[in-house]
Amino acid sequence: MLVMIILGCMFLGYLIVQTGPLWAGIISFGIIAGCVFRGLYLLEKIYKELKDEEEDEPASHSLENERVYKEYLRRNETNSNNYS
Numbered sequence: 181m182l183v184m185i186i187l188g189c190m191f192l193g194y195l196i197v198q199t200g201p202l203w204a205g206i207i208s209f210g211i212i213a214g215c216v217f218r219g220l221y222l223l224e225k226i227y228k229e230l231k232d233e234e235e236d237e238p239a240s241h242s243l244e245n246e247r248v249y250k251e252y253l254r255r256n257e258t259n260s261n262n263y264s
């Protein structure tokens, strides 16, 4: 696999050097645009996976967070009354 990647890169490099500036620019743009679009596709796929995992979490986490937040507010209110 690594050998095929190296040979492919060598062939594309030779092709870009041997063709004129117009064709070399078109080939180079195609390579870069393909990499960018593939990267965006993979980022979107990762985002969807993370979003699905987040939705699968039980609702108890949000209830626990809400309970802890109310406890924090209650303690903060008690402490502020002590200093007044």
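Numbering-wise (the working numbering), the sequence shown opens with residue 181 and increments by one.
For each residue, glycine too, the CB sits at the ideal point set by N, CA and C.
All figures in this text were calculated on a predicted structure; none of them were measured in a lab.
task: Taking only the alpha-carbon atoms, compute the straight-line gap between residue 197 and residue 207 and give it to the nearest angstrom.
output: When rounded, the distance between both Cα atoms is 11 Å.
task: In angstroms with no decimal places, state the Cα-to-Cα distance between residue 186 and residue 216.
output: The straight-line gap from Cα to Cα measures roughly 21 Å.
task: For residue 258, name the three-state secondary structure that DSSP assigns.
output: In the structure shown, residue 258 sits in a helix (DSSP, three-state: H, G or I).
Of the listed residues 183, 204 and 184, nearest to residue 193 (C-alpha basis): Ranking 183, 204 and 184 by Cα distance to residue 193 puts 204 first.
query: Where does the unbroken alpha helix (DSSP H) through residue 181 begin, and where does it stop?
result: For residue 181, no alpha helix (DSSP H) segment is defined, and its DSSP state is neither H nor E.
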